[in-house]
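Take a look at the structure set out below.
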Amino acid sequence: MSDPVGNDQRIFASLRMTFLRSLMANFLSTVLLFAMVNLKAAPPPGGSSTIIFPPSTAQKWILPNGLTIIVQEDHSAPVASVQAWCATGSIYEDQQMGAGLSHILEHMLFQGTKTRSSNEIAPKIQDVGGYMNAYTSFDRTVFWIDLPKDGVLTALEILADAMMNSTLPPKEYNKEQEVIRREFAMGMDDPDRMAGLLLFTTAYHRHPYRFPVIGELEIYNQLTQEQVMQYYKTRYVPNNLTFVVVGDVDAEKVRQQLAELFKPYPEKSLQPLFIPAEPPQLGRREVHQEFATELTHLSMAWHIPELTNPDVPALDLLSTILGDGRSSRLYRRVREEAGLAFSISAFSYTPGDPGLFGIDATVDPKKREAAEQLALRIVDEVKQAGVTVDELAKAKKITLSHHLGSLTTMRGQASDIGSNWLLTRNLNFSRDYLDAVQKVTLDDIKRVAATYLSDNNLTVVSLNPKGSLGAQAQGTKAVAAGEIQKFDLPNGLRLLVREDPRLPIVAIGSVFRGGLLAENPQDNGITRLMAKVLLKGTKTRTAEQIANEIEAVGGSVSSDAGNNSFTVSVDVTKPDMKLGLDLLADVLLNTTMPEKAITREKEIQIASIQQEDEQLTTVARNIMRQALFPQHPYALRSNGSAESVQRLTQKDLVEFRDRYVVAKNGVVFVFGDVKASEVKQLVEQTLGKMKPGALALTDAKPSAPLGKPETVESHKDKAQGVIMVGFRGASLASPDRYALDLIDEASSDLGSRFFIRIREQMGLAYYVGAGQMQGLVPGLFSFYLGTDPKKIEPVKTALLDEIHKLANDGLTPEELARAKQKLVGQQEIANQSNDAFGYHTALDELYGLGFDYYKRLEHDVNAITLDDIKQVAAKYFRDQPYVLATVRPASAEATAGGPNQGATVSRQRPKTPPNSSPRAKQK
């Protein structure tokens with residue numbers, strides 16, 4: 040679920056995932072992941088040095104009953120990822136094809152076994168500080184647990200039990216069916232998901248890729264619990280399972296433990312299933328439909344071979360050249376030069392069976408045809424004239440860099456190993472694939488473009504706003520690799536450096552105070568607009584040159600803004616650290632903010648504002664914050680309003696930059712395979728020229744007290760409802776911070792009292808949880824859930840009742856103990872990545888907590904008592920005014936196919952007991 044409240048650290052962490060393409064969200068999964076293998080990368084223009092990767096250390100065993108065990112020891116952090124891979128997904132559902140059997144089992148296998156009830160499994164994982172989840176794709180179902188190393192045996196026991204002994208209890212099964220039906224409704228409301236589904240159902244006529252992984256609702260509704268149990272017994276057998284464990288473990292001990300756990304289960308017959316091949320496409324296919332969306336979602340795709348075909352490396356590189364990054368052909372010409380798209384990218388999806396090569400774009404409905412024609416013309420140019428030497432070299436480096444990025448966590452390494460084994464039975468497949476990438480020639484790129492990207496093989500689909508088609512068819516322990524060093528530059532800029540030689544990559548980030556807290560209703564959205572325009576040209580580089588220069592070495596540069604701060608970041612490999620720092624300094628110190636770029640980015644930002652109204656959690660968050668923080672910057676939207684953004688000028692942006700992009704207002708971090716002395720010297724030479732300025736927002740005022748509880752409501756033409764209950768929360772410096780964090784943890788996830796009562800026992804919600812935003816001044820704490828609109832009133836009562844109990848009674852000893860383990864464990868897991876760890880510590884330093892604030896977490900959290908929790912819960916939630924925000928259709932009977940009600944907001948006093956207090960928290 041998307042985060043309805045939001046906070047700076049989550050925003051900044053998401054920036055580092057910009058290279059991941061949004062390919063059919065929740066319908067597809069990543070297939071090409073990188074393993075730790077030997078590879079020599081040919082240097083691109085500019086002279087980057089050779090990068091040599093260490094050999095894979097994964098060990099593999101196949102037990103007599105057919106169970107596969109793969110373990111890779113990685114002692115760089117005291118954590119592990121334990122994953123159970125079942126080689127079954129939606130394409131293996133045979134007679135029940137399209138029913139979503141595999142997805143149902145993803146939901147059900149943690150709902151009870153012969154020895155564990157559904158209420159025991161999640162708390163057991165939380166007791167050891169872990170986090171568990173699962174996903175289903177076309178060809179796999181994967182259950183994973185990330186946790187500190189001391190809990191690995193517990194994770195193995197729980198996963199083994201779930202794989203072999205799940206009982207699919209009828210009571211839990213019936214409740215989970217309603218949960219899945221809400222998931223259907225959520226997907227049907229999401230234009231990105233529906234555009235992906237439309238593409239696959241149009242491109243595939245026979246192969247089961249045409250069915251969504253979740254299934255089709257009419258077929259799903261016909262399933263019985265007995266049919267699901269039979270599928271489980273048939274597919275979940277030892278010889279169809281692979282356990283992958285990566286982390287601070289002893290491989291032989293893991294093997295022994297799994298061998299003992301699976302000793303009672305013999306190998307079973309696994310019937311081969313017939314999967315019909317997709318026949319050749321003999322002519323262009325085109326479908327355009329209307330949908331409840333503000334913008335047009337356009338997709339074009341061509342059939343291409345399966346993963347192991349020798350043409351795949353060239354096709355992957357072609358997709359990178361066309362649509363990966365700001366210097367790619369499609370981005371530069373369709374988005375930047377022609378102004379025909381708000382976003383555009385290319386993808387090469389190559390699963391175990393023949394896949395798709397495609398282009399995705401979000402466009403103005405009036406520009407759809409022009410955007411499509413220009414994109415296809417660019418493809419034709421490649422077919423006729425090929426690509427340049429520089430483009431190919433850059434694509435190879437980007438491919439290498441992208442694969443490196445997946446190795447920063449234990450889960451990423453385990454996912455890579457599992458994918459390699461599942462799809463190719465070759466643990467060194469990633470090495471072989473990347474070797475093949477290096478051998479791709481210019482002629483290969485031109486040849487595969489001409490071979491596969493033909494008009495007869497093309498499928499074009501789009502989702503368009505209603506009425507637009509007219510008559511047309513419709514942690515501390517995790518820093519073992521190196522301690523953080525802090526340097527204070529003469530101009531006041533603070534520099535954090537962490538030497539971590541595990542991988543030859545470097546994360547560079549800069550954070551500055553600003554964001555919503557620095558804005559007002561007249562200039563709302565200025566921080567985000569300024570952050571984006573910083574990358575659009577300097578005194579010595581154009582926007583195209585910035586993109587070309589960084590992407591030619593496989594790096595990336597990005598920027599964004601949050602509630603209290605904004606960021607500019609650069610990712611590079613080790614040989615290009617100097618280039619990365621030079622580029623960061625250039626965009627921070629020498630940006631020219633061209634008028635043309637400002638105009639274009641304003642259009643993009645206004646389009647994003649329009650899209651926000653399609654996400655119900657975002658709508659609920661916005662109306663909640665507006666009522667919770669009257670006449671205060673925290674009531675504003677990160678993107679601003681269309682009116683405020685439209686009136687921003689170049690002069691406004693320059694003045695804002697000059698005030699906030701100053702040394703004393705910022706912190707820079709450089710984490711990765713670096714030497715601190717060298718980094719310090721380079722930063723002094725580049726960012727040492729930044730004007731000192733002053734620390735901003737030191738006089739920021741909290742919002743005036745709320746006088747009474749308030750209800751706000753918005754009506755949207757969607758098939759689901761969202762409720763948020765928001766209270767005033769704490770500031771980052773508040774002594775109540777960790778107590779609220781523990782309440783936050785205890786109120787979220789699969790083992791929380793809210794989840795168990797409202798979703799599991801009552802079956803009233805699809806998701807339920809809590810979240811918070813802590814800022815330089817007091818922020819918010821909220822509770823939220825998604826539900827059937829017809830259940831709004833009973834679920835609202837249930838939510839307020841649980842909040843009331845929490846406000847009066849605090850947490851139980853068991854809840855507090857689990858929350859402590861989970862909070863500490865999550866920090867250790869998060870701090871594996873230099874990106875996330877760098878932003879975490881830089882923001883703590885920026886906000887006055889100190890870069891080493893993270894070291895206090897375990898001690899301070901463990902010192903909190905039940906009485907502390909009870910006092911804090913009463914202080915923030917008992918008899919305190921709150922905002923109850925509801926988003927739903929205009930009538931309880933409204934459905935996704937009903938009339939467009941638009942968005943209306945009403946305010947009134949909530950009809951709840953005066954001592955009921957709801958609060959909000961989001962993860």
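Counting from 40, one number per residue, gives the positions in the sequence shown under the numbering used here.
All residues carry an ideal CB built from backbone N, CA and C; glycine is no exception.
Residue i at chain C interface by Cβ criterion, 7 Å
i, result
"residue 740", "Reference to chain C is not applicable here, since this structure consists of a single protein chain."
Distance between residue j and residue i (C-alpha atoms, nearest Å)
i, j, result
"residue 577", "residue 478", "36 Å"
"residue 632", "residue 820", "37 Å"
"residue 615", "residue 363", "19 Å"
"residue 589", "residue 748", "51 Å"
"residue 890", "residue 112", "30 Å"
"residue 191", "residue 851", "26 Å"
"residue 921", "residue 745", "8 Å"
"residue 696", "residue 569", "7 Å"
"residue 880", "residue 504", "43 Å"
"residue 634", "residue 689", "7 Å"
"residue 351", "residue 449", "27 Å"
"residue 396", "residue 339", "8 Å"
"residue 742", "residue 753", "23 Å"
"residue 785", "residue 698", "41 Å"
"residue 547", "residue 538", "12 Å"
"residue 435", "residue 593", "8 Å"
"residue 702", "residue 892", "21 Å"
"residue 215", "residue 628", "54 Å"
"residue 963", "residue 101", "No answer is possible for residue 963: the residues shown for the chain start at 40 and end at 962."
"residue 467", "residue 374", "38 Å"
"residue 78", "residue 422", "Unreliable positioning characterises residue 78 in this predicted model, as indicated by a pLDDT of 31, which lies under 50. The coordinate reading is nonetheless provided below. C-alpha separation (whole angstroms): 30 Å."
Simplified DSSP assignment, three categories, for residue i
i, result
"residue 75", "The predicted model places residue 75 with a pLDDT of 27, which falls under 50 and marks its position as unreliable; any figure quoted below should be read in that light. DSSP places residue 75 in coil when its eight states are reduced to three."
"residue 528", "coil"
"residue 833", "helix"
"residue 365", "coil"
"residue 29", "Outside the displayed span of the chain (40 to 962) sits residue 29, for which this structure offers no information."
"residue 289", "coil"
"residue 504", "strand"
"residue 133", "helix"
"residue 172", "strand"
"residue 177", "coil"
Proximal residues to residue i (C-beta, below 7 Å), its chain only, five neighbours per side dropped
i, result
"residue 200", "152, 154, 155"
"residue 305", "104"
"residue 778", "903, 907, 908, 911"
"residue 636", "572, 575, 576, 582"
Residue range of the beta strand (DSSP E) that includes residue i
i, result
"residue 923", "922-927"
"residue 97", "No beta strand (DSSP E) contains residue 97, which DSSP labels as neither H nor E."
"residue 4", "Any question about residue 4 goes unanswered here, given that the chain covers just 40 to 962."
"residue 202", "Where residue 202 is concerned, there is no enclosing beta strand (DSSP E), although the alpha helix (DSSP H) it sits in stretches over 191-204."
"residue 809", "806-812"
"residue 600", "595-600"
"residue 223", "Premise fails: residue 223 lies in the alpha helix (DSSP H), 209-228, not in any beta strand (DSSP E)."
"residue 147", "It is not in any beta strand (DSSP E) - residue 147 instead sits in the alpha helix (DSSP H) that spans 140-147."
"residue 898", "No beta strand (DSSP E) holds residue 898; the alpha helix (DSSP H) holding it covers 896-902."
Close Cβ partners of residue i (< 6 Å) along its chain, the five nearest in sequence each way excluded
i, result
"residue 536", "524, 709, 715, 718"
"residue 706", "533, 550, 881, 884, 885"
"residue 516", "Model confidence at residue 516 stands at a pLDDT of 42, short of 50, so the residue's coordinates are unreliable; what they give is reported in the following sentence. Taken in chain order, the residues that qualify are 117, 867."
"residue 325", "499"
"residue 845", "912"
"residue 924", "659, 662, 663, 751, 763"
8 Å CB neighbourhood of residue i in its chain, flanking five on each side removed
i, result
"residue 837", "796, 797, 801, 803"
"residue 30", "Outside the modelled stretch of the chain, which goes from 40 to 962, sits residue 30, for which no answer is possible."
"residue 145", "173, 174, 175, 180, 182"
"residue 223", "253, 256, 259"
Residue i, enclosing alpha helix (DSSP H) - first and last residue
i, result
"residue 271", "264-274"
"residue 918", "Run containing residue 918: none; DSSP gives neither H nor E here."
> Which whole runs of the beta strand (DSSP E) in the segment 442-492 are 3 residues long or more, in chain order?
Replying inline: Unbroken beta strand (DSSP E) stretches of 3 residues or longer found wholly inside the segment 442-492: none.
>> Just to confirm the assignment: which complete alpha helix (DSSP H) runs, minimum length 4, are found wholly within the segment 673-738?
In response: Inside the segment 673-738, DSSP marks whole alpha helix (DSSP H) runs of 4 or more residues at positions 681-685, 689-699, 715-725, from first to last along the chain.
> Which full runs of the alpha helix (DSSP H) of 4+ residues lie inside the segment 376-428, going along the chain?
Replying inline: With a minimum length of 4 residues, the continuous alpha helix (DSSP H) runs that stay inside the segment 376-428 are 407-424.
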